[in-house]
Amino acid sequence: MNVLLVSPSQVQVYGNFARPDYPPLGLAYLGAVLEKAGHDVGIIDVDAERLTDEGFAKKITQGNYGLVGITATTPTFSKALVLAELVKKNSDSFTVLGGIHATTMPDESIENESIDFIVKGEGELTLLELVRRLQHREDLAGVDGIYYKKAGRIYKNKDRDLIADLDTLPFPARHLFSKHHYSYPDALFKEAFPIMTSRGCPANCSYCDARKIFSRKFRVRSAKNVVDEIEHLAKKYGAREIHIWDDNFTTQKNRVFQIRDEIKKRKLNIKFAFPNGIRADYVDKEVLRALGDMGAYSIAFGVESGNQGVLDHINKNTTLAKIETAFRCAKEAGLETWGFFMIGLPSETKDTINDTISFAISLNPDVAKFHILKPFPGTDAYGELSRQGLIIDNNLDHYGIHTPPVHRLPGLSPDDLLNLQKEAYKRFYLRPHIFLKQIFRLKSLYRLRLNVSAAVGILKKIFSR
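Heads up: the sequence shown runs through residues 1 to 465, numbered per the UniProt record's numbering.
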């Protein structure tokens, strides 16, 4: 079957002033599995190809696709529906919606008349079986992990079991991406590529929806399989830098050492960064030294709050002391540190948010990001805020990173949250030595170019009215 996989526009998620171009790695995994089974596959990344709706419709008309699969997060869901409608208007193709939003909100998603199927959870084996059965016009009743429509009714099949052995998956089909070169925020080199070495996170943070797809069960690829992919990227694409996108790379300490040893054994001269965030309580001096030994130069920690009561409330299951230790040890290991902080978490007050700002300053990471919570539907945080009547905006287009708050808190209006976010950036970045630190971080001309747009974004937050 001829299959097209589509990533809708991410502009609502990342904003126009600093649009990072992330490749849809999940679609590349799906494409690789389908290609291995003999299917013809294409990938369209709407942002990468700068496609208008008219341009997308033209590609659909010319493509003769049997199935068009569209991935969607919560803030890109409406864009995904527009694309699905264009598919239906311009072809006889089946449409399938997958990704985090289809997984957390399947009932609402399947009701749209332009969507024929929903894939819940991990998509590789589910999509492969769906395509095979559609191709042979077989019954869909036994396809685990899908919702589908038949004779005006909606059928909800049981969930599919998780993939037991991740080494059985082929490497992502990166050759299906357009020739547009993806650029990563703060990368040292243009030749940077993302990989995922594991799936799942044992944590149970109330604001996070990642476990809805990969669950809390931590599953890993072997060290050999991981480094095989890294070596493949170096040889085929000239990779000089790898960004590890795992939800929590350091969950298994011994595996970190195994990957480090395999990289050193093969004498791969590669730089590594961990931009997705690592739990501070899952590292120690030994682990951080190992990351440095394997070529890591940058690590991000998801701190969230500088108030212990708030951390406890959101089920972060860590302590401020452990976070402080992680930052100190990372700096001692020679790693650049990033801190991710959240404003407007359930139970927060102005005082606890000020605790977070002060804590960020005391940790003094090289980079600090202060994001206002977006309580995604399906998360515990959304449920809590909804029950309290604190969700004020249910327009999913407004659930991106750089859109206004969609909730309030007792004693804190959306404008209050925005002002506190602005205050956080002012207090952190408008310190004299921070400017010098940012200059020393610019270790390459490529990084300098990328940081200009990011700096403009921060300045807009600080000085906007």
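Each residue gets a CB set at the ideal place from its N, CA and C atoms; glycine is no exception.
* For the 8 Å Cβ check, are there 3 or more pairs between the region 292-310 and the region 321-330? -> yes
* To do: Indicate, with yes or no, if the ligand SAH has a heavy atom lying under 8 Å from the CB of N269.
  => Inclusion of the ligand SAH in the displayed structure is not the case, the ligand content being empty and no account of it being possible.
* Inter-residue Cα distance where the pair is T251 and I278 -> 9 Å
* How would you call T168, buried or exposed, if buried means at least 16 neighbouring beta carbons within 10 angstroms? -> exposed
* To do: Please specify which runs of the beta strand (DSSP E), each continuous and at least 3 residues long, are wholly inside the region 251-301, giving them in chain order.
  => 271-278
* Kindly indicate which three-state DSSP category V11 falls into: helix, strand or coil? => helix
* **Residue from F370, N90 and A210 whose Cα sits closest to the Cα of K426** => F370
* Nearest-angstrom Cα distance between F257 and V96? -> 40 Å
* Asked: So D293 and E336 are in contact, right, with Cβ under 8 Å, and what is the actual spacing, rounded?
  -> Wrong, their Cβ atoms sit about 16 Å apart, outside the cutoff.
* Exposed or buried, R387, counting other C-beta atoms within 10 Å across all chains shown (16 or more means buried)? -> exposed
* Out of curiosity, what's the CA-to-CA distance linking T356 and I343? -> 8 Å
* To do: Return helix, strand or coil for R153, following the three-state DSSP convention.
  => strand
* Asked: Buried or exposed: S109, going by 16 or more other Cβ atoms within 10 Å of its Cβ?
  -> buried
* Give the single residue among D312, E384, M196 and D47 whose Cα lies nearest to the Cα of L409. => E384
* Asked: Skipping 5 residues on each side, what residues in its chain have a beta carbon closer than 7 Å to that of I361?
  -> R427 and F428
* Of the residues L288, T349, N395 and V310, which one's Cα is nearest the Cα of F327? -> L288
* Can you name the start and end residues of the alpha helix (DSSP H) that T104 belongs to? -> I100 to T104
* Asked: In whole angstroms, what separates the C-alpha of R211 from that of R199?
  -> 9 Å
* Asked: By DSSP, does A57 sit in helix, in strand, or in coil?
  -> helix
* Asked: Buried or exposed: where does Q10 fall if 16 or more other Cβ atoms within 10 Å of its Cβ makes it buried?
  -> buried
* To do: Starting from the Cα of H433, find the closest Cα among N364, H398 and P375 and give me that residue.
  => N364
* Residue closest to D228, alpha-carbon to alpha-carbon, out of Y297, E262, A381 and E348 -> E262
* Could you check how far apart the C-beta atoms of L67 and L134 are, in whole angstroms? I think they sit under 8 Å. => 6 Å
* Boundaries (first-last residue) of the beta strand (DSSP E) holding V367 -> V367 to I372
* Could you spell out the range, first to last residue, of the beta strand (DSSP E) harbouring A192? => A192 to I195
* By DSSP, does L111 sit in helix, in strand, or in coil? -> It is worth fixing the name first, because residue 111 is Glu in this sequence and not Leu. Reduced to three states, the DSSP call for E111 is coil.
* Asked: For K224, which residues from the same chain have a beta carbon less than 8 Å from its beta carbon, with the 5 sequence-adjacent residues on both sides left out?
  -> E262
* Please name the residue, chosen from F249, N204, Y207 and S206, that lies closest to T197 on a Cα-to-Cα basis. => F249
* To do: Using three-state DSSP, classify I230 as helix, strand or coil.
  => helix
* Report the three-state DSSP secondary structure of E129 (helix, strand or coil). => helix
* Separation of A290 from S114, as counted between CA atoms -> 49 Å
* Any chance the region 55-75 sits against the region 84-95, with 3 or more Cβ pairs inside 8 Å? -> yes
* Asked: Span of the alpha helix (DSSP H) holding F359?
  -> K350 to L363
* Asked: Out of curiosity, what's the CA-to-CA distance linking R50 and E286?
  -> 44 Å
* To do: Work out the CA separation of K149 and G31 for me, nearest whole Å.
  => 24 Å
* Asked: Is L4 closer than 9 Å to I43 when the C-beta atoms are compared?
  -> yes
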